[in-house]
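Participant: Numbering-wise (the working numbering), the sequence shown opens with residue 1 and increments by one.
Ideal placement from N, C-alpha and C gives every residue a C-beta, glycine not left out.
My questions will all concern the structure given below.
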Amino acid sequence: MLHPEPLIAVVDDESPVRIMLGRLLRLADYRVGEYASGEDFLASLEGRQLPLCAIVDLHMPGLSGFELQSRMRAAKLDVPVVFITASDDPGLDRSALALGGKGLLRKPFSSDELFEAIAGAVGRRGDEGEDAT
Numbered sequence: 001m002l003h004p005e006p007l008i009a010v011v012d013d014e015s016p017v018r019i020m021l022g023r024l025l026r027l028a029d030y031r032v033g034e035y036a037s038g039e040d041f042l043a044s045l046e047g048r049q050l051p052l053c054a055i056v057d058l059h060m061p062g063l064s065g066f067e068l069q070s071r072m073r074a075a076k077l078d079v080p081v082v083f084i085t086a087s088d089d090p091g092l093d094r095s096a097l098a099l100g101g102k103g104l105l106r107k108p109f110s111s112d113e114l115f116e117a118i119a120g121a122v123g124r125r126g127d128e129g130e131d132a133t
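This is the structure we're talking about:
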């Protein structure tokens, strides 16, 4: 069965965050896969369609968001990642981009910020190293 709506993955260990983001994305006509851990998300990718984009929390038990991104890159899984975090650490922006992330949103963020980050991540897919100005 074909699915006309693009798939967005939400990877966050906090159930209320997954539920809220899932509802918001579904209202925007995305299909959503919700995962409580990086390990669950990686397991879901075996033999399945890759999501258009993944929204990934940085701080989770087990695989952190950065570790998940590193594993996806090592496995050559081309899924643009937008990281989310509640941390105010200014160094995270640089680290997220250095690891191939397409953006970093700090909680709480607006729906406009989320959709802009997704559009930027998908629009820059394969544009590594190019300035998006």
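Taking the CB atoms as reference points, tell me whether F41 and A28 lie closer together than 9 Å.
Facilitator: On the sequence shown, position 41 is the one that residue 41 refers to. On the sequence shown, position 28 is the one that residue 28 refers to. Cβ atoms of F41 and A28: not closer than 9 Å.
Participant: Check whether the Cβ atoms of V32 and L25 sit closer than 9 Å, and answer yes or no.
Facilitator: In the sequence shown, counting from the first residue as 1, residue 32 sits at position 32. In the sequence shown, counting from the first residue as 1, residue 25 sits at position 25. Cβ atoms of V32 and L25: closer than 9 Å.
Participant: Would you report the Cα separation of P6 and L45, rounded to the nearest angstrom?
Facilitator: Your numbering for residue 6 matches position 6 in the sequence shown. Your numbering for residue 45 matches position 45 in the sequence shown. Computed Cα separation, rounded: 15 Å.
Participant: Would the region 74 to 81 and the region 50 to 65 be scored as touching if the rule is three or more Cβ pairs under 8 Å?
Facilitator: The region 74 to 81 vs the region 50 to 65: in contact.
Participant: When the Cα atoms are used, what is the spatial distance from L68 to G38?
Facilitator: In the sequence shown, counting from the first residue as 1, residue 68 sits at position 68. In the sequence shown, counting from the first residue as 1, residue 38 sits at position 38. Their Cα atoms are separated by approximately 6 Å.
Participant: Candidates M20, S15, V11 and F66: which alpha carbon is nearest F109's?
Facilitator: Position 109 of the sequence shown, counted from the start, is the residue given in the question as residue 109. Here the closest residue by C-alpha is M20.
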